[in-house]
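Data first, discussion second: the structure below is written as C-alpha coordinates.
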Amino acid sequence: MKTIFITGCTSGFGKAIAEKFAGTGNRLIITGRRQERLAEVKVQLETDYKVEVTALCFDVRDRQACLEAIDNLPSGWKNIDVLVNNAGLAVGRDTYDTASLDDWDLMLDTNVKGLNYISKAIIPFMIERHSGHIINIGSIAGKEVYQYGNGYCASKFAVEAITQAMRIDLLPHNIKVTGIHPGAAETEFSLVRFKGDEEKAAAMYKGFTPLQANDIAEVVYYVTTQPAHVCINDLVIMPTAQASGIYFHKKVQ
(Lines of atoms letter the chains of each structure in order from A and count residues from 1; the text may use other names and numbers.)
(Lines give C-alpha, C1' and ligand atoms only; values in the text may rest on other atoms or scores of the structure.)
Protein backbone atom coordinates (compact mmCIF):
# COMPACT_ATOMS: atom_id res chain seq x y z
CA MET A 1 0.00 0.00 0.00
CA LYS A 2 1.24 3.45 -0.93
CA THR A 3 0.11 6.93 0.04
CA ILE A 4 -0.96 8.85 -3.07
CA PHE A 5 -1.49 12.63 -3.07
CA ILE A 6 -3.60 13.87 -6.01
CA THR A 7 -4.65 17.45 -6.73
CA GLY A 8 -7.81 18.41 -8.58
CA CYS A 9 -9.84 15.31 -7.68
CA THR A 10 -13.41 16.60 -7.99
CA SER A 11 -13.72 15.63 -11.67
CA GLY A 12 -11.91 14.54 -14.83
CA PHE A 13 -8.39 13.15 -14.69
CA GLY A 14 -8.02 13.66 -10.95
CA LYS A 15 -11.12 11.72 -10.02
CA ALA A 16 -10.26 8.88 -12.42
CA ILE A 17 -6.68 8.72 -11.11
CA ALA A 18 -7.96 8.55 -7.53
CA GLU A 19 -10.32 5.72 -8.46
CA LYS A 20 -7.51 3.79 -10.15
CA PHE A 21 -5.18 4.00 -7.17
CA ALA A 22 -8.00 3.24 -4.74
CA GLY A 23 -8.95 0.20 -6.79
CA THR A 24 -5.45 -1.19 -6.31
CA GLY A 25 -5.55 -0.83 -2.53
CA ASN A 26 -3.69 2.42 -1.91
CA ARG A 27 -4.64 5.13 0.54
CA LEU A 28 -5.31 8.57 -0.84
CA ILE A 29 -5.01 12.25 -0.07
CA ILE A 30 -7.33 14.06 -2.47
CA THR A 31 -7.67 17.80 -2.94
CA GLY A 32 -10.07 20.14 -4.65
CA ARG A 33 -11.69 23.53 -4.19
CA ARG A 34 -15.34 22.39 -4.48
CA GLN A 35 -16.16 21.24 -0.96
CA GLU A 36 -19.41 19.38 -1.69
CA ARG A 37 -18.08 17.50 -4.68
CA LEU A 38 -14.82 16.65 -2.92
CA ALA A 39 -16.79 15.19 -0.02
CA GLU A 40 -18.84 13.10 -2.44
CA VAL A 41 -15.68 11.73 -4.08
CA LYS A 42 -14.23 10.86 -0.67
CA VAL A 43 -17.34 8.91 0.32
CA GLN A 44 -17.45 7.15 -3.06
CA LEU A 45 -13.82 6.02 -2.80
CA GLU A 46 -14.21 4.81 0.76
CA THR A 47 -17.44 2.98 -0.02
CA ASP A 48 -16.49 1.42 -3.33
CA TYR A 49 -12.88 0.51 -2.59
CA LYS A 50 -12.68 0.25 1.23
CA VAL A 51 -9.58 2.42 1.43
CA GLU A 52 -8.51 5.28 3.69
CA VAL A 53 -9.06 8.71 2.17
CA THR A 54 -8.12 12.15 3.48
CA ALA A 55 -9.78 15.08 1.69
CA LEU A 56 -8.24 18.56 1.76
CA CYS A 57 -10.39 21.39 0.42
CA PHE A 58 -8.41 24.41 -0.77
CA ASP A 59 -7.49 26.29 -3.93
CA VAL A 60 -3.99 25.50 -5.19
CA ARG A 61 -3.63 29.18 -6.16
CA ASP A 62 -3.57 30.05 -2.45
CA ARG A 63 0.01 29.46 -1.33
CA GLN A 64 -0.71 29.72 2.39
CA ALA A 65 -3.67 27.34 2.14
CA CYS A 66 -1.51 24.79 0.30
CA LEU A 67 1.30 24.96 2.84
CA GLU A 68 -1.00 24.84 5.87
CA ALA A 69 -3.09 21.93 4.56
CA ILE A 70 -0.02 19.79 3.96
CA ASP A 71 1.79 20.88 7.13
CA ASN A 72 -1.30 19.97 9.19
CA LEU A 73 -1.49 16.42 7.87
CA PRO A 74 -1.08 13.80 10.61
CA SER A 75 2.51 12.57 10.69
CA GLY A 76 1.57 9.15 9.32
CA TRP A 77 0.02 10.76 6.26
CA LYS A 78 3.13 12.75 5.41
CA ASN A 79 4.89 9.64 4.10
CA ILE A 80 3.72 10.43 0.58
CA ASP A 81 4.96 7.96 -2.01
CA VAL A 82 3.39 9.48 -5.13
CA LEU A 83 2.41 13.09 -5.84
CA VAL A 84 0.19 13.64 -8.88
CA ASN A 85 0.09 17.33 -9.80
CA ASN A 86 -3.13 17.22 -11.78
CA ALA A 87 -4.97 20.44 -10.88
CA GLY A 88 -5.10 22.72 -13.90
CA LEU A 89 -7.32 24.32 -16.49
CA ALA A 90 -7.57 26.17 -19.78
CA VAL A 91 -9.73 29.29 -19.93
CA GLY A 92 -10.53 31.17 -23.14
CA ARG A 93 -9.68 30.46 -26.74
CA ASP A 94 -8.71 33.82 -28.20
CA THR A 95 -5.93 35.40 -30.21
CA TYR A 96 -3.08 36.91 -28.22
CA ASP A 97 -4.26 40.47 -28.83
CA THR A 98 -7.83 39.78 -27.67
CA ALA A 99 -7.13 37.32 -24.84
CA SER A 100 -8.09 38.26 -21.30
CA LEU A 101 -5.35 39.06 -18.80
CA ASP A 102 -7.60 37.63 -16.09
CA ASP A 103 -7.75 34.33 -17.98
CA TRP A 104 -3.97 34.29 -18.28
CA ASP A 105 -3.53 35.00 -14.58
CA LEU A 106 -5.96 32.21 -13.67
CA MET A 107 -4.10 29.67 -15.81
CA LEU A 108 -0.62 30.66 -14.65
CA ASP A 109 -1.67 30.83 -11.01
CA THR A 110 -3.30 27.39 -11.16
CA ASN A 111 -1.20 25.43 -13.64
CA VAL A 112 2.22 26.77 -12.66
CA LYS A 113 2.18 28.42 -9.24
CA GLY A 114 -0.21 25.87 -7.77
CA LEU A 115 1.97 23.00 -8.96
CA ASN A 116 4.99 24.67 -7.39
CA TYR A 117 3.27 25.35 -4.06
CA ILE A 118 2.17 21.74 -3.66
CA SER A 119 5.48 20.29 -4.81
CA LYS A 120 7.57 22.52 -2.57
CA ALA A 121 5.46 21.48 0.43
CA ILE A 122 5.68 17.73 -0.24
CA ILE A 123 9.21 17.28 -1.61
CA PRO A 124 10.90 17.69 1.83
CA PHE A 125 9.05 14.58 3.04
CA MET A 126 10.33 12.64 0.04
CA ILE A 127 13.87 13.91 0.53
CA GLU A 128 13.77 12.84 4.16
CA ARG A 129 12.77 9.31 3.12
CA HIS A 130 15.08 9.32 0.06
CA SER A 131 12.18 8.07 -2.02
CA GLY A 132 9.20 9.33 -3.98
CA HIS A 133 7.60 9.83 -7.38
CA ILE A 134 6.24 13.11 -8.74
CA ILE A 135 3.93 13.02 -11.75
CA ASN A 136 3.12 16.32 -13.43
CA ILE A 137 0.14 16.36 -15.78
CA GLY A 138 1.17 18.52 -18.69
CA SER A 139 -0.37 18.72 -22.15
CA ILE A 140 0.46 18.58 -25.82
CA ALA A 141 0.12 22.37 -25.37
CA GLY A 142 3.39 22.18 -23.46
CA LYS A 143 5.13 20.59 -26.43
CA GLU A 144 3.92 22.81 -29.28
CA VAL A 145 2.10 26.11 -29.62
CA TYR A 146 -1.17 26.26 -31.55
CA GLN A 147 -3.47 29.08 -32.57
CA TYR A 148 -5.57 30.51 -29.73
CA GLY A 149 -3.50 28.57 -27.19
CA ASN A 150 -1.25 31.48 -26.10
CA GLY A 151 -1.76 31.67 -22.31
CA TYR A 152 -2.53 27.98 -21.86
CA CYS A 153 0.46 26.92 -23.93
CA ALA A 154 2.67 29.26 -21.90
CA SER A 155 1.50 27.65 -18.67
CA LYS A 156 2.05 24.11 -19.93
CA PHE A 157 5.45 24.93 -21.43
CA ALA A 158 6.31 26.11 -17.92
CA VAL A 159 5.13 22.78 -16.50
CA GLU A 160 7.38 21.00 -18.99
CA ALA A 161 10.39 23.10 -17.92
CA ILE A 162 9.62 22.65 -14.22
CA THR A 163 9.32 18.89 -14.71
CA GLN A 164 12.72 18.73 -16.36
CA ALA A 165 14.25 20.93 -13.66
CA MET A 166 12.77 18.74 -10.90
CA ARG A 167 14.20 15.64 -12.52
CA ILE A 168 17.69 17.13 -12.56
CA ASP A 169 17.65 18.75 -9.13
CA LEU A 170 16.02 15.86 -7.29
CA LEU A 171 18.28 13.23 -8.83
CA PRO A 172 20.53 12.97 -5.72
CA HIS A 173 17.44 12.28 -3.58
CA ASN A 174 16.24 9.20 -5.49
CA ILE A 175 12.98 10.94 -6.48
CA LYS A 176 11.43 9.97 -9.80
CA VAL A 177 9.81 12.68 -11.92
CA THR A 178 7.44 11.93 -14.79
CA GLY A 179 5.71 14.29 -17.21
CA ILE A 180 2.47 13.05 -18.80
CA HIS A 181 1.12 15.09 -21.70
CA PRO A 182 -2.39 14.30 -23.00
CA GLY A 183 -3.85 15.40 -26.29
CA ALA A 184 -7.58 15.95 -26.78
CA ALA A 185 -9.47 14.48 -23.83
CA GLU A 186 -13.19 14.61 -23.15
CA THR A 187 -13.68 15.86 -19.59
CA GLU A 188 -14.95 19.15 -18.15
CA PHE A 189 -11.84 20.70 -19.73
CA SER A 190 -13.52 22.20 -22.79
CA LEU A 191 -16.57 23.31 -20.84
CA VAL A 192 -14.28 25.32 -18.59
CA ARG A 193 -12.28 26.58 -21.55
CA PHE A 194 -15.41 27.89 -23.25
CA LYS A 195 -16.72 29.28 -19.96
CA GLY A 196 -19.78 27.04 -19.76
CA ASP A 197 -20.78 27.12 -23.44
CA GLU A 198 -21.87 23.49 -23.87
CA GLU A 199 -22.35 23.72 -27.64
CA LYS A 200 -18.81 24.97 -28.29
CA ALA A 201 -17.38 22.45 -25.81
CA ALA A 202 -19.16 19.53 -27.47
CA ALA A 203 -18.04 20.65 -30.94
CA MET A 204 -14.42 20.10 -29.96
CA TYR A 205 -14.94 16.33 -29.91
CA LYS A 206 -17.14 15.82 -32.94
CA GLY A 207 -15.93 13.43 -35.63
CA PHE A 208 -13.39 11.45 -33.59
CA THR A 209 -12.99 9.51 -30.37
CA PRO A 210 -11.07 11.59 -27.81
CA LEU A 211 -9.17 10.34 -24.81
CA GLN A 212 -11.18 9.64 -21.68
CA ALA A 213 -10.16 10.34 -18.08
CA ASN A 214 -9.69 6.62 -17.44
CA ASP A 215 -7.12 6.43 -20.24
CA ILE A 216 -4.92 8.92 -18.43
CA ALA A 217 -5.51 7.23 -15.08
CA GLU A 218 -4.26 3.91 -16.49
CA VAL A 219 -1.07 5.53 -17.72
CA VAL A 220 -0.44 7.40 -14.48
CA TYR A 221 -0.81 4.17 -12.55
CA TYR A 222 1.42 2.28 -15.01
CA VAL A 223 4.38 4.61 -14.60
CA THR A 224 4.26 4.14 -10.82
CA THR A 225 4.47 0.35 -11.09
CA GLN A 226 7.92 0.20 -12.66
CA PRO A 227 10.91 -1.24 -10.76
CA ALA A 228 12.78 1.08 -8.41
CA HIS A 229 15.61 1.59 -10.91
CA VAL A 230 13.25 2.54 -13.77
CA CYS A 231 11.76 5.99 -14.32
CA ILE A 232 9.56 6.82 -17.29
CA ASN A 233 10.51 10.44 -17.80
CA ASP A 234 8.07 11.67 -20.39
CA LEU A 235 4.94 10.44 -22.16
CA VAL A 236 2.77 12.09 -24.82
CA ILE A 237 -0.65 10.43 -25.14
CA MET A 238 -2.95 11.12 -28.07
CA PRO A 239 -6.23 9.84 -29.44
CA THR A 240 -5.55 7.71 -32.49
CA ALA A 241 -7.23 10.41 -34.59
CA GLN A 242 -4.81 13.12 -33.39
CA ALA A 243 -1.25 13.48 -34.68
CA SER A 244 -0.29 16.79 -33.04
CA GLY A 245 -1.79 19.82 -31.37
CA ILE A 246 -3.51 20.82 -34.61
CA TYR A 247 -3.70 17.75 -36.88
CA PHE A 248 -6.83 15.62 -36.50
CA HIS A 249 -8.63 13.14 -38.71
CA LYS A 250 -12.30 13.78 -38.13
CA LYS A 251 -15.14 11.91 -39.80
CA VAL A 252 -17.69 14.06 -41.57
CA GLN A 253 -20.86 14.22 -39.49
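Going by our numbering, the sequence shown runs without a break in its numbering and finishes at 257. Backbone N, C-alpha and C define an ideal beta-carbon position, used for all residues, glycine too. Every value quoted in this text rests on a predicted model; they were computed, and no experiment measured them.
Secondary structure of residue i, DSSP reduced to three states
i	result
residue 99	coil
residue 41	helix
residue 9	strand
residue 230	coil
Enclosing alpha helix (DSSP H) for residue i [first to last residue]
i	result
residue 75	67-75
residue 220	217-227
residue 105	105-111
residue 204	202-207
Chain C within 9 Å of residue i, Cβ atoms only
i	result
residue 9	Note that chain C does not occur in the displayed structure, where there is just one protein chain.
Cβ neighbour criterion (16 or more within 10 Å) applied to residue i
i	result
residue 206	exposed
residue 101	exposed
residue 5	exposed
residue 203	exposed
residue 223	buried
residue 121	buried
residue 86	buried
residue 141	buried
residue 151	exposed
residue 46	buried
Through-space distance from residue j to residue i, alpha-carbon basis
i	j	result
residue 11	residue 33	8 Å
residue 183	residue 17	14 Å
residue 251	residue 65	33 Å
Run of the beta strand (DSSP E) containing residue i, from where it starts to where it stops
i	result
residue 17	Run containing residue 17: none in the beta strand (DSSP E); it sits in the alpha helix (DSSP H), 16-27.
residue 238	238-241
residue 59	57-61
residue 88	86-89
Any non-hydrogen atom of the ligand ZN closer than 8 Å to residue i Cβ
i	result
residue 77	Among the ligands in the structure shown, none appear at all, so the ligand ZN cannot be discussed.
(request) Give, in chain order, every unbroken run of the alpha helix (DSSP H) that is at least 4 residues long and sits entirely within the stretch 131-197. (result) 154-173, 193-197
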